[in-house]
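So the sequence shown is residues 0 to 161, counted in numbering that gives the first Met the number 0.
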Amino acid sequence: MAAGWFAVDVTVAGAAAGRQGAISVTARCDDGATVIEDSGTLPAGAAAGTTRVVTLSAVPAGATCTASQTADGHTADAVLASTTIVPASVVAAASSTVSVTVTDTFAAPTPTPTPTPSPTSTRLPDTGAAAAPSWAMPAILLVAGAALIVVDHTRRRARARR
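In structure tokens, the structure reads:
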């Protein structure tokens, strides 16, 4: 019986494409008597687009071939939004290549909001010149009053001697 090929392509898409980790896939073909299987990896940081990752050769015509993803490439910088494998399976044909495409769409992670800082004090900040202590004004008035009394007393004594 003539043989064919089975290929698995990986498509990287989305806003965070290129920031993903490694993506691994396994290709498997089974005709009931023979199982052919192999794996491949798309390296981390691969740019957006489609890349052939695995090709099985000598696949018996009529074998059912499938692909599965064993590592999806999600990272802290690239959230896996969706994965599709199209078609889900194919039947190998003699002297031709049949393929399946695994499409991984990556999105940027949702940022965590910065918490609002709590106030450190309920007191308003000082503005302008520093105020004198509350006892200063009565003390100044008391001293000034005492000085006036002394001056007045001294004047009266001086007048009385004349």
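Glycine included, C-beta positions come from ideal geometry on N, C-alpha and C.
Checklist entry - Pick from PRO112, VAL58 and SER120: whose alpha carbon is nearest that of VAL97? => result Numbered from 1 along the sequence shown, position 98 holds the residue referred to as residue 97. The residue with the shortest Cα to Cα distance from VAL97 is VAL58.
Checklist entry - CB-CB under 6 Å to ARG156, same chain, minus the five flanking residues each way: which ones, in chain order? => result By one-based count along the sequence shown, residue 156 stands at place 157. Cβ within range, chain order: n/a, list empty.
Item to check | Per-residue burial, LEU141 [other beta carbons within 10 Å of its own, 16 or more giving buried] | outcome: For the purposes of this step, residue 141 is identified with residue 142 of the sequence shown, where counting begins at 1. LEU141 is exposed by the Cβ-count criterion.
Checklist entry - Taking buried to mean at least 16 other C-beta atoms within 10 Å of its own C-beta, is VAL85 buried or exposed? => result Residue numbering aside, residue 85 sits at position 86 when the sequence shown is read from its first letter. Its Cβ having fewer than 16 others within 10 Å, VAL85 is exposed.
Checklist entry - Start and end of the beta strand (DSSP E) containing ASP103? => result If you number the sequence shown from 1, residue 103 lands on position 104. It spans 96 to 106 - the beta strand (DSSP E) in which ASP103 sits, taken as one unbroken run.
Checklist entry - In this structure, does DSSP put GLY175 in helix, strand or coil? => result In the structure as shown, the chain begins at 0 and stops at 161. Residue 175 is therefore absent and cannot be evaluated.
Next on the checklist: Tell me the residue span of the beta strand (DSSP E) that contains ARG160.
Outcome noted: Along the sequence shown, read from residue 1 onward, the residue named residue 160 stands at position 161. Taken as a continuous stretch (DSSP letters only), ARG160 belongs to no beta strand (DSSP E), being part of the alpha helix (DSSP H) at 135 to 160.
Checklist entry - Buried or exposed: ILE35, going by 16 or more other Cβ atoms within 10 Å of its Cβ? => result Walking along the sequence shown from the start, residue 35 turns up at place 36. By the 16-neighbour rule on beta-carbons within 10 angstroms, ILE35 is buried.
Item to check | Span of the beta strand (DSSP E), counted from its first residue to its last, around SER88 | outcome: Locating residue 88 in the sequence shown gives position 89, where the first residue counts as 1. Counting along the chain, the beta strand (DSSP E) containing SER88 begins and ends at 88 to 90.
Item to check | C-alpha gap between ALA46 and PRO124, whole angstroms | outcome: In the sequence shown, residue 46 corresponds to position 47, counting from 1. In the sequence shown, residue 124 corresponds to position 125, counting from 1. Cα-Cα distance, rounded: 54 Å.
Next on the checklist: Checking the sheet assignment: what are the DSSP bridge partners for VAL163?
Outcome noted: The chain is shown only over 0 to 161; residue 163 falls outside these bounds and no answer can be derived.
Next on the checklist: Just to confirm my understanding: we take THR83, look at its own chain, exclude 5 residues before and 5 after, and list those with CB closer than 7 Å. What are they?
Outcome noted: Residue numbering aside, residue 83 sits at position 84 when the sequence shown is read from its first letter. Result list for THR83: THR102, in chain order.
Checklist entry - Leaving out the 5 sequence neighbours to the left and right, which residues in its chain are closer than 6 Å to ASP76 when beta-carbon positions are compared? => result Here residue 76 corresponds to residue number 77 of the sequence shown, with the count starting at 1. Correct list, in chain order: ARG18.
Checklist entry - Taking the C-alpha atoms as reference points, what is the distance between PRO112 and THR10? => result For the purposes of this step, residue 112 is taken as the residue at position 113 of the sequence shown. For the purposes of this step, residue 10 is taken as the residue at position 11 of the sequence shown. PRO112 and THR10: Cα-Cα distance of roughly 32 Å.
Checklist entry - Rounded to whole angstroms, how far is the Cβ of GLY13 from the Cβ of PHE105, which I believe are closer than 8 Å? => result Counting from 1 along the sequence shown, the entry for residue 13 is found at position 14. Counting from 1 along the sequence shown, the entry for residue 105 is found at position 106. Yes, they are in contact, since the Cβ atoms of GLY13 and PHE105 sit about 4 Å apart, within 8 Å.
Item to check | Beta-carbon separation (whole angstroms), SER67 vs THR25, contact threshold 8 Å | outcome: Position 68 of the sequence shown, counted from the start, is the residue given in the question as residue 67. Position 26 of the sequence shown, counted from the start, is the residue given in the question as residue 25. 5 Å between Cβ atoms; contact.
Next on the checklist: Using CA atoms only, rank isn't needed, just tell me which of LEU41, PRO116 and LEU55 is closest to HIS73.
Outcome noted: For the purposes of this step, residue 73 is identified with residue 74 of the sequence shown, where counting begins at 1. Minimum Cα distance to HIS73 is reached at LEU41.
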